[in-house]
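Asker:
Numbering (the working numbering), first residue to last: 203 to 413.
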């Protein structure tokens, strides 16, 4: 049986509306008033469930894009116990796990860039967005922090070189994934490697420098 729009919980209707407007009209034009109207509720009801528009944006990004959940799960997963043989095996252990992270990050950034792009056309709006995201303790740096912490656990377990820099390595891997997404949207698919080739290549390179 199909569920009518009005019977869905208000927070879900608001997320539905926010996703629709952010994808079709752009984040800059998806005002709280427009989102509330699209959801069939008042702007006051929106603020009852969400701190600000930025929380809606983050929730849409993290709950309504297919790779966000798998990416965060991979970033937060315990690296677990591995033997020296695991690490010596090509494609095994940490390299394999970084490959999964690189794949999900590449696809996540490809989804995120169009959602946020309109912000950069209006400096005042970008500034307000930055402040709103900071209020709820979110932001793009969260991914970097999570991967750096994961690699730090690898370092503490003795699986990385003693002089390895977890945060720099995390920045290199995620930066490459973001750049691929940027090139994909601005230059086209013909200038980037397919993600199934790109992810293992980037992961292999980063892991080789860390081991």
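Where is the CB? At the ideal position from N, CA and C, for every residue including glycine.
1. For residue 254, collect the residues of the same chain with a Cβ closer than 6 Å to its Cβ; drop the 5 residues on either side in sequence, then sort them by chain order.
2. In or out: residue 306 buried (at least 16 other Cβ within 10 Å) or exposed?
3. Specify whether the region 239-249 and the region 263-275 touch according to this definition: at least 3 beta carbon pairs, one from each stretch, less than 8 Å apart.
4. Using 8 Å as the cut-off, can you tell me whether the region 404-413 makes contact with the region 370-377, which would need three or more C-beta pairs spanning the two stretches below that distance?
5. Would you decide whether residue 323 is buried or exposed? Buried here means 16 or more other CB atoms lie within 10 Å of its CB.
6. DSSP three-state label for residue 367, please.
7. Just to confirm, is the Cβ distance from residue 383 to residue 312 under 7 Å?
8. Report the option in 326, 380 and 364 whose CA atom is closest to the CA atom of residue 343.
9. Figure out for me which residue from 227, 221, 260 and 310 has the closest Cα to the Cα of residue 376.
Answerer: Judging by the given coordinates:
1. Here residue 254 refers to the residue found at position 52 when the chain shown is read from its first residue. Answer for residue 254: 334, listed in chain order.
2. Looking up residue 306 in the chain shown gives position 104. It counts as buried.
3. no
4. yes
5. The count along the chain shown starts at 1 and reaches residue 323 at position 121. By the 10 Å Cβ count, residue 323 comes out exposed.
6. Here residue 367 refers to the residue found at position 165 when the chain shown is read from its first residue. Three-state DSSP puts residue 367 in coil, outside helix and strand.
7. Taking the chain shown and counting its residues from 1, the one referred to as residue 383 is at position 181. Taking the chain shown and counting its residues from 1, the one referred to as residue 312 is at position 110. Yes, the pair counts as a contact, with Cβ atoms nearer than the cut-off.
8. Looking up residue 343 in the chain shown gives position 141. It is 380 whose Cα lies nearest to the Cα of residue 343.
9. Here the question's residue 376 lines up with position 174 in the chain shown. Residue 310 is the option with its Cα nearest to residue 376.
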